[in-house]
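Going by the numbering used here, the letters in the sequence shown line up with residues 16 to 270, in that order.
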Amino acid sequence: MAPYDRLSALMQHFQLEVRPCEAGEADLIICSRDARAADCGGMRVLLAAGGGAAAARLPVGAEVCFAARVGWGGAQNPLLQALPPIVCYPLEGDAEAQALVAVLLAESAARRCGAESVLSRLCEVLLVRLLRHQIAEGATEAGLLAGLADARLSRAIVAMHDQPARQWRTEDLAREAGLSVSRFAELFAARVGETPMAYLRRWRMTLARRDLARGDRVEAVARRYGYGSPEGFTRAYKRAYGRPPMAARLAERAA
């Protein structure tokens with residue numbers, strides 16, 4: 016993975032999956048004022064990350080050109096909490112995205128063999144481009160994406176994502192960001208909305224909760240995320256979620 020890739024570590028832990036679907040079930044929609052238009056420049060992509068159908072958020076007069084459903088790799092994916100309820104990605108001025116959408120729409124219309132797999136891969140690329148756009152625009156409130164949008168803070172955040180088990184100190188993370196400890200702590204709190212250590216604890220707990228839900232043992236999860244003992248991990252987990260790991264796992268399996 017390239018150094019300081021802002022999204023890959025997240026996507027390795029929470030694999031994105033995008034599948035074509037009917038417009039009424041979609042949370043990702045490509046729309047245009049004229050669905051028959053050959054020019055993709057006037058199109059936009061809508062993502063309803065907060066749940067619900069993206070079609071309900073269509074601009075007046077817009078037509079659906081393509082619809083898909085996004086799988087976020089689990090409800091614990093931090094991107095779900097970081098994104099606003101609706102994201103609009105205009106394609107005007109983005110030649111690469113227009114070319115991608117043109118291929119996607121042509122593939123959807125032709126329905127050749129293997130089309131479902133091709134469409135899913137193209138949709139995943141489009142979703143990553145939308146996330147990049149959201150980060151680059153800085154169009155986010157305080158939170159994960161706002162932190163990733165900052166070239167300095169993103170280095171520290173990616174380091175935590177890549178190495179959650181490491182015994183990070185604020186000084187270590189400030190060094191990753193190339194900032195003094197005081198400036199790093201101040202900027203992190205302003206952009207991300209919590210302290211670096213609080214974010215690290217929450218990231219570890221997010222990964223731990225996912226691993227427990229899929230059946231991993233408490234002892235293995237505790238070791239994996241830097242806890243010296245299962246007891247210490249259990250206490251931290253209970254502080255985060257209000258119940259011990261085993262009870263939480265049983266509840267999630269029953270849900």
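Using N, Cα and C, we set each Cβ at its ideal position, and we do this for glycine too. Computed from a predicted structure; not experimentally measured.
In the DSSP annotation of this structure, residue 107 is not part of any beta strand (DSSP E), being labelled neither H nor E. Per DSSP, reduced to three states, the secondary structure at residue 86 is strand. When DSSP states are grouped into helix, strand and coil, residue 186 belongs to the helix group. Per the Cβ contact rule, the stretch 114-128 is not in contact with the stretch 250-263 (fewer than 3 Cβ pairs under 8 Å).
Between the stretch 39-48 and the stretch 79-88, the count of Cβ pairs shorter than 8 Å is three or higher; the stretches touch. A straight line joining the alpha-carbon of residue 140 with that of residue 216 spans about 30 Å. At a Cβ-Cβ threshold of 7 Å, residue 256 and residue 179 do not count as neighbours.
Shown here, residue 211 sits in a helix according to DSSP, grouped into three states. Sixteen is the threshold: since fewer than 16 other Cβ atoms of the shown chains lie within 10 Å of the Cβ of residue 30, the residue is exposed. Rounded to whole angstroms, the gap between the alpha carbons of residue 244 and residue 237 is 7 Å. DSSP lists 78 as the beta-bridge partner residues of residue 47. Judged by beta-carbon spacing, residue 147 lies beyond the 7 Å limit of residue 112, meaning their Cβ atoms are not closer than that value. Cβ-Cβ distances below 6 Å link residue 220 to 255 in the same chain, with the five nearest sequence neighbours on each side left out; the list follows chain order. Looking at the DSSP output, residue 59 sits in a beta bridge with 46, 105. A straight-line Cα-Cα distance of about 18 Å links residue 234 and residue 182.
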